[in-house]
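**Q**
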Amino acid sequence: MNKDLSTWMKFLTADNLEEIEDELIAENEIMRKAIKKYKEFIADEKLMNAYKRREAFLVGQAIMMAKEKKYDFDEVSMAKRLKSINNLIKESKKEEQESIIKYLKKENIDIEIIKVITGFNTKEILKLQTDNEKL
Numbered sequence: 001m002n003k004d005l006s007t008w009m010k011f012l013t014a015d016n017l018e019e020i021e022d023e024l025i026a027e028n029e030i031m032r033k034a035i036k037k038y039k040e041f042i043a044d045e046k047l048m049n050a051y052k053r054r055e056a057f058l059v060g061q062a063i064m065m066a067k068e069k070k071y072d073f074d075e076v077s078m079a080k081r082l083k084s085i086n087n088l089i090k091e092s093k094k095e096e097q098e099s100i101i102k103y104l105k106k107e108n109i110d111i112e113i114i115k116v117i118t119g120f121n122t123k124e125i126l127k128l129q130t131d132n133e134k135l
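Quick note on this note's numbering: the sequence shown kicks off at 1 and runs consecutively.
1. Per the contact definition of three or more C-beta pairs closer than 8 Å, is the region 107–123 in contact with the region 43–61?
2. May I ask which residues mark the beginning and end of the alpha helix (DSSP H) holding E153?
3. May I ask you to report which of helix, strand or coil DSSP gives A50?
4. Do E27 and T13 count as a contact pair if the criterion is CB distance below 8 Å?
5. With a Cβ-Cβ cutoff of 8 Å, do I35 and L24 count as a contact?
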């Protein structure tokens, strides 16, 4: 495999970027800039919130497609994406969690799907929906 491609693959799939940061930079100097931009991105709360909302939306869309078209998704891949979204939501502040749920409801994602993605119960989701409609 091309060395540059290999370096990018390590960067994109790293579980702990800090552990391999120096190695990546040694392999390809452009990694210094990529890592800097990545750190700026994850430090920006507004960008991360937008990312979380978009990721939740995409997962919801994929689930809806699978349900509506009986599309044969790889269950392991879907489970990983759901777990990833669930972890992001758990790590989020309460207001970010509520924002994600409101966004999913606005996009007409089924409440059962939202429950699976977020871990919230029906009562909590409906309360957020009601609060959102009052605005």
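All C-beta atoms in this analysis are idealised placements derived from N, C-alpha and C, irrespective of residue type, glycine included.
**A** This is what the structure holds:
1. Short answer: they touch.
2. Because residue 153 is not part of the residues shown, which for the chain are 1 to 135, the question remains open.
3. If DSSP states are grouped into helix, strand and coil, A50 belongs with the helices.
4. Not closer than 8 Å, so no.
5. Result yes, Cβ atoms of I35 and L24 sit closer than 8 Å.
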